[in-house]
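Structure first, commentary second.
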Amino acid sequence: MADAGARRRAAEPEPLAETGTGEGATAAKPGPKRDEVPGGHPSLPQRSTLPMRAASTMPDLNRFKGEDKSDAVGSTPEPEAEHTQPAPHPTEAAGGPWYGPGDAAEAAAPKAPAADPVAEDPAISTEEAARRSAERERAATAKPVLGRVIQVAIAVFFPVMLLAAAIRAVATPLFLWVEYNRPGFPVDSFGFSSEDRLTYGSYAVDYLLNFASPRYLGDLVTPDGDPLYLASEVSHMADVKTVLTIAFVTALGMALLSLAGGVYLARRCPGGIRRALFAGAVATLALIAGLLVAAVLAWEEFFTMVHTIFFSQGNWTFRLDDTLIRLFPAQFWMDAGGAIAGIVLLVCVLVMIFTWPTRKRRERSRLAREEARRRYLESLEGI
Numbered sequence: 033m034a035d036a037g038a039r040r041r042a043a044e045p046e047p048l049a050e051t052g053t054g055e056g057a058t059a060a061k062p063g064p065k066r067d068e069v070p071g072g073h074p075s076l077p078q079r080s081t082l083p084m085r086a087a088s089t090m091p092d093l094n095r096f097k098g099e100d101k102s103d104a105v106g107s108t109p110e111p112e113a114e115h116t117q118p119a120p121h122p123t124e125a126a127g128g129p130w131y132g133p134g135d136a137a138e139a140a141a142p143k144a145p146a147a148d149p150v151a152e153d154p155a156i157s158t159e160e161a162a163r164r165s166a167e168r169e170r171a172a173t174a175k176p177v178l179g180r181v182i183q184v185a186i187a188v189f190f191p192v193m194l195l196a197a198a199i200r201a202v203a204t205p206l207f208l209w210v211e212y213n214r215p216g217f218p219v220d221s222f223g224f225s226s227e228d229r230l231t232y233g234s235y236a237v238d239y240l241l242n243f244a245s246p247r248y249l250g251d252l253v254t255p256d257g258d259p260l261y262l263a264s265e266v267s268h269m270a271d272v273k274t275v276l277t278i279a280f281v282t283a284l285g286m287a288l289l290s291l292a293g294g295v296y297l298a299r300r301c302p303g304g305i306r307r308a309l310f311a312g313a314v315a316t317l318a319l320i321a322g323l324l325v326a327a328v329l330a331w332e333e334f335f336t337m338v339h340t341i342f343f344s345q346g347n348w349t350f351r352l353d354d355t356l357i358r359l360f361p362a363q364f365w366m367d368a369g370g371a372i373a374g375i376v377l378l379v380c381v382l383v384m385i386f387t388w389p390t391r392k393r394r395e396r397s398r399l400a401r402e403e404a405r406r407r408y409l410e411s412l413e414g415i
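For what it's worth, the working numbering labels the leading residue of the sequence shown as 33, then goes sequentially.
Set out below in structure tokens:
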């Protein structure tokens with residue numbers, strides 16, 4: 033019975049210790065609960081204060097190395113010192129590890145890249161730097177071959193483009209009106225008035241520039257109901273239309289290529305556009321001068337030679353009373369040739385004025401080349 037009573041008393045909770053006496057006595061505060069860190073707030077998750085086992089480490093393999101055979105005879109190996117675990121870092125508390133005052137900055141700081149063995153070697157780095165510098169210098173100072181090719185191409189294309197543009201400017205009803213109404217232009221001895229010539233001639237010019245079939249001219253009739261153009265005349269006009277279409281399309285293609293080449297020259301070859309246009313204008317003037325001399329000295333032979341080259345089938349000869357001869361006599365072609373030559377001459381002179389290699393323009397081109405070279409070297413530095 034005594035033992036049972038003792039067990040009951042041990043199971044009952046002990047009363048709280050009182051401080052003070054009488055009514056002012058207060059009960060002592062209870063001690064910290066299990067798994068509660070003293071001083072922690074009850075609303076926060078508490079960390080256990082029990083000591084934690086140190087992290088396991090790999091065994092020291094040095095203890096298992098074989099003994100030196102040369103010292104095995106007549107010598108007693110000394111026992112190796114026991115491998116001791118290094119003392120934990122002061123900041124590795126229970127439940128840690130925790131960063132100390134300077135550890136967070138060290139962990140957040142980026143690690144320095146590994147040193148380049150080539151850069152550490154002065155001989156190799158100097159040779160490599162010299163080689164790269166020489167390559168950049170050659171690449172920056174060398175004149176691109178493509179730039180020269182484009183300049184030559186633009187100079188060759190320029191006469192064709194300008195001549196096609198001049199022909200297109202003359203092949204208009206406005207030029208017909210000026211010709212038929214100018215003083216001294218021969219009248220038609222077979223009855224066409226200036227109004228008749230302007231009307232029928234406008235049909236012929238429109239046919240050369242539109243996409244209509246030969247019936248556009250073949251279906252035209254006079255007030256008497258007779259066909260205005262013979263079949264041979266319609267066939268010749270169809271050949272002229274084919275030649276002009278090829279010439280205009282070729283000139284348009286050359287113009288597009290010249291524009292693309294001009295963009296390249298503006299970026300890579302400062303002053304290249306100016307040199308190409310100047311050379312093209314000079315070449316055009318030389319060509320036009322030769323053609324004018326040939327036309328003035330022997331117009332009939334020159335006219336026949338041109339028609340023989342472009343109309344080898346021989347359907348370009350007509351009678352004096354045919355409609356094409358009455359609308360476009362020899363004087364008309366001489367005036368048209370003079371107008372084309374005048375337009376070409378005017379454009380060439382203007383181009384030469386604006387592209388003449390003066391000292392100021394050459395200096396501006398040189399500075400532009402230096403700037404382009406500097407940008408190119410900077411781009412190579414970034415590679």
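Backbone N, C-alpha and C define an ideal beta-carbon position, used for all residues, glycine too.
Return helix, strand or coil for residue i, following the three-state DSSP convention.
i, result
"residue 191", "helix"
"residue 253", "strand"
"residue 205", "helix"
"residue 101", "Residue placement at residue 101 cannot be trusted, given a pLDDT of 48 that sits under 50; the coordinates are not used to answer."
"residue 137", "Residue placement at residue 137 is flagged as unreliable, the pLDDT there being 48, under the threshold of 50; a coordinate-derived value is accordingly withheld."
Measuring only between beta-carbons, confirm whether residue i sits less than 8 Å from chain C.
i, result
"residue 404", "Among the protein chains of the structure shown there is no chain C, as only one such chain exists."
Look at the alpha carbon of residue i and the alpha carbon of residue j, and state the distance between them as a whole number of angstroms.
i, j, result
"residue 334", "residue 327", "6 Å"
"residue 321", "residue 374", "11 Å"
"residue 181", "residue 278", "25 Å"
"residue 234", "residue 265", "15 Å"
"residue 384", "residue 305", "12 Å"
"residue 395", "residue 368", "42 Å"
"residue 240", "residue 196", "14 Å"
"residue 370", "residue 254", "31 Å"
"residue 349", "residue 203", "21 Å"
"residue 393", "residue 351", "57 Å"
"residue 10", "residue 405", "Residue 10 is absent from the model: the chain starts at 33 and stops at 415."
"residue 230", "residue 378", "28 Å"
"residue 206", "residue 296", "38 Å"
"residue 391", "residue 243", "50 Å"
"residue 407", "residue 285", "32 Å"
"residue 372", "residue 251", "31 Å"
"residue 272", "residue 236", "11 Å"
"residue 157", "residue 307", "43 Å"
"residue 280", "residue 402", "39 Å"
"residue 274", "residue 183", "30 Å"
Here's the rule I'm using: 16 or more other beta-carbon atoms within 10 Å means buried, otherwise exposed. How should residue i be labelled?
i, result
"residue 201", "exposed"
"residue 337", "exposed"
"residue 302", "buried"
"residue 162", "exposed"
"residue 292", "exposed"
"residue 411", "exposed"
"residue 178", "exposed"
"residue 208", "buried"
For residue i versus residue j, is the C-beta distance shorter than 8 Å?
i, j, result
"residue 387", "residue 191", "no"
"residue 261", "residue 249", "yes"
"residue 246", "residue 270", "yes"
"residue 193", "residue 287", "yes"
"residue 376", "residue 198", "yes"
"residue 300", "residue 389", "no"
"residue 347", "residue 397", "no"
"residue 469", "residue 211", "Missing from the structure shown is residue 469; the chain here goes from 33 to 415 and no further."
At a cut-off of 7 Å, is residue i close to the ligand MN when judged by its beta-carbon and the heavy atoms of the ligand?
i, result
"residue 176", "No copy of the ligand MN appears in this structure; indeed no ligand is present at all."
Stretch pair the region 183-191 + the region 294-314: three plus CB contacts closer than 8 Å: yes
Inter-stretch contact at 8 Å, needing at least 3 Cβ pairs: the region 223-243 / the region 357-371: yes
The region 204-220 in contact with the region 338-345 per 3-pair CB rule at 8 Å: no
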